[in-house]
Amino acid sequence: MSEEPREQILSDFQDCTGLENMEECIQILQQHEWNLIEAIQAVHEGIGDGNDHESTVPVYQTIDDQMVLTGHNPSITRQPNSYDSDDVEIIGTVSAGARLQTTSDSARNLHFQVEYHDQTEHVHISENETVHKLREKVAEKVSVPVHQQDFLNWKMKSFDERTKLRDLRLPLENIIKLSSIRDDSAHRIYNHTTTSSHNSGEFPLTVLCEDKFGSTVPYKLLLEPYTTILEIKKHMENLARIPIHQQLWQGLLGATDSDALRQTQIVQNGTLVVRHSGTSPNQKLSTTRQNLSPSASTKNHDDDENMDTDHDIIVEDIEDNDIGVLPSTTSTTTVSEGREPLIPDEFTDEVFALQHFSSVFQSRYGSSGPILHMGSLDQALQESLYASIHSRRPLAIYLHNDQSICANVFCAQVLALDSTIEYLANNYVFWAWDVTSDVNRTRLLETLRRCVGNQCAQRVGCMEKNDFPLLLIVTRSRGLLELNSIIEGKSTPSEVLLNLIQSHDSFEQQRLHDMDEELMREKRENLKREQEDEYEQSRRADLAKQQAREQEERESKLRIEQRSQQQQESKARLPDEPDESEKNITRLKIRLPNDEGILMRRFRLQDNLQVLFDYLTSEGRMLGEYKLLTTFPKRDLTTLNSTDTFEQLKLYPQEQLILESL
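To convert, count from 1 in the sequence shown and add 264; that's this note's numbering.
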């Protein structure tokens, strides 16, 4: 094989695995005869964590007495030189057809007295168990979940959840002073070294802690502005059990240990990343790289015998069938023949396609992965970015390509990671598609162009196959969809989680801003609506008044017309007034109300009351609007028979009448 293809394979291998040590990469590739896929698979299975896969790389477990190599190889016995060594020594060559076997002799049974508040419990456990198993047993005794347990009095060297209890050199009798870290690893830390006069506020931070196995745990710290960087490192040493000299930090922005938070460029609610120095990309194969293949054991046999070991190992022949790697292909970038795709071309229904995606993902990687939105991209957008402002979430679109050299590693080490799954479930709507085939790729680009926008479709369309897998973060700002971030498959788990957190924080700030704007808009609309309602009510009241006034005017006009007509009719019926010299007449004096004056007229004695009423009508006094009273005896003439004559009523030779308005 020429140097140029090997250089390309080496470059692709480093891009995919994140390893920077060139000698280490060359050694791994040589162990797998420069087969890129097998080398990547071996690295993935050697350093993967949090999965249910059975590792295909030989794992050598420790025992306490002696190490014997059995099977086809000669027996080798070796006494341990130092009990403090944490490395595992490999002795001899593992031949093809051999099988791995471990034994554990004379393991001690440790006793722990757990003190939690006023409660004391007792736990018995073998020293061959891990710290995590001890936490599980403690959780069975007290009501503190595993991830919230803090052993306050364990002042020993660094350990993690997978550390064997025997490696901690514990006595048979032990005491654990237990404390609880509340809110799912969110720990409120206050700087007690600062005086109360300096307590001018709180400084919240999120620290993503990655242990030496690649697991990422977020810690939410509530600090004070005067907390120094060194004090933060001490807090993380107590919380994550990572010694300060083994902490590697990202995001400090040039801050030194003596700097207080308020003196740095670190912002409140910011995110920092700390990892164990053993988890840097060029060190992740520290203990497993020599176990990648039988040929590696043979090649490094001389070096292995110079290593110190604390324990003895029993190794038998390992059969070839026990070592499973990704099938080799004719090209380093082509998908394995016969492998079932995540989404076949013939799936036209998106719901069935995503159900198939989830099923195949589970069978491949031993994890269901992030919770998929089982529906079209349109429906995912409606559920995420077009939901109500209070429940709106960003949309994460995962694009898979089996032809990419990073596909398997990204799925197994990122998407199958519990911290990634939990964070996506709580903060994102997750949708996925397989673009391995041209048919599915074209279908996706058309969907992106229609649902998200032409710019997003163009950016995805320009991606090469080795840029995949991709994680697109789509957000919404001022009513418009935006491609906020593109996470490529070569990213490490901590980088992916950090990018997801930063994208969500940015989205959340915009969502809160949009929510404030929407509240202000609702207030303005409500005020406008109230003003319009008040105006409409006032307009209706004015209209009703106008209509009532017009009706009254019409009625008044009608009454005037009717009165005028009645006056004319009464005047026409009224006989002429008799002369002063005429006999058989009477003189009536009528006093009007409100000092309006006196009416005087002569009537014939044979005239009846109707003539008097007609006279009053002709003068504008309508019958029914008044009383007409005599002085003595007092009578209301309007109540008498209108046909009675003045003579019959004895209203002569003269009479004074009083007219009262009703």
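Where a beta carbon is used, it is the ideal one built from N, C-alpha and C, also for glycine. Just so you know, these numbers come straight off a predicted model, no measurement behind them.
Query: Backbone CA spacing between residue 581 and residue 295 [nearest angstrom]; Result: Low confidence applies to residue 581: its pLDDT is 35, below 50, so where it sits in the model is not reliable enough to give any reading.
Query: Minimum length 4: unbroken alpha helix (DSSP H) runs contained in the region 642 to 716; Result: 671 to 674, 682 to 691, 702 to 715
Query: For residue 511, the nearest candidate out of 532, 531, 472 (CA to CA); Result: 472
Query: Length-filtered (4 minimum) alpha helix (DSSP H) runs lying within the region 879 to 909; Result: none
Query: 8 angstroms CB neighbourhood of residue 708 in its chain, flanking five on each side removed; Result: 663, 697, 699, 724
Query: Residue 740 beta carbon less than 8 angstroms from that of residue 641; Result: no
Query: Status (buried if at least 16 other CB within 10 Å, exposed otherwise) for residue 402; Result: buried
Query: 8 angstroms Cβ cutoff met for residue 429 and residue 395; Result: yes
Query: Segment contact flag, the region 709 to 724 with the region 679 to 690, C-beta cutoff 8 angstroms, min 3 pairs; Result: no
Query: Chain-order list of residues whose beta-carbon lies under 7 angstroms from that of residue 645 (same chain, five-residue window excluded); Result: 659, 715
Query: Whole-angstrom distance between residue 485 and residue 466, CA atom to CA atom; Result: 10 angstroms
Query: From 884, 731, 869, residue whose alpha carbon lies closest to that of residue 856; Result: 884
Query: Cβ-Cβ separation, residue 766 to residue 535 (assumed contact under 8 angstroms), whole Å; Result: 6 angstroms
Query: Element boundaries [beta strand (DSSP E), containing residue 864]; Result: 862 to 868
Query: Residue 901 versus residue 877 - alpha carbon distance; Result: 10 angstroms
Query: Span of the beta strand (DSSP E), counted from its first residue to its last, around residue 629; Result: No beta strand (DSSP E) holds residue 629; the alpha helix (DSSP H) holding it covers 614 to 629.
Query: Nearest-angstrom Cα separation, counted from residue 837 out to residue 909; Result: 16 angstroms
Query: Proximity winner among 821, 871, 819, 820, relative to residue 841 (alpha-carbon distances); Result: 871
Query: Extent of the continuous beta strand (DSSP E) run through residue 296; Result: First-last for residue 296: undefined, no H or E at that position.
Query: Sequence-distant residues of the same chain with beta carbon closer than 6 angstroms to residue 415, five excluded per side; Result: 440
Query: Among 853, 745, 759, 627, the one whose alpha carbon lies nearest that of residue 515; Result: 759
Query: Cutoff 6 angstroms; reference residue 675; Cβ partners in own chain excluding five residues on either side; Result: 629
Query: Residue 740 - containing beta strand (DSSP E), residue span; Result: 734 to 741
Query: Where residue 808 sits in the DSSP three-state scheme; Result: helix
Query: Residue 792: CB within 7 angstroms of a non-hydrogen atom of the ligand ADP; Result: Ligands in the displayed structure: none, and consequently the ligand ADP is not present.
Query: Contacts around residue 622, its chain only, beta-carbon distance under 6 angstroms, and the 5 residues preceding and following it disregarded; Result: 636
Query: Residue 377, buried or exposed, once every other Cβ within 10 Å from all chains shown has been counted against 16; Result: exposed
Query: Alpha carbon of residue 913 to alpha carbon of residue 875, nearest angstrom; Result: 14 angstroms
Query: Other residues of its chain near residue 778: CB distance less than 7 angstroms, five sequence neighbours each side excluded; Result: 653
Query: Contacting residues, own chain, Cβ-Cβ under 7 angstroms from residue 854 (five flanking each side not counted); Result: 862, 863, 921, 923
Query: Option nearest residue 665 by Cα separation, candidates 907, 919, 734; Result: 734
Query: Among 406, 835, 397, nearest to residue 427 - alpha-carbon criterion; Result: 397
Query: Test item: CB-CB of residue 468 and residue 533 under 8 angstroms; Result: yes
Query: Complete runs of the beta strand (DSSP E) confined to the region 368 to 429 [at least 3 residues]; Result: 373 to 380, 383 to 390, 413 to 415
Query: Limits of the unbroken alpha helix (DSSP H) element including residue 495; Result: 493 to 504
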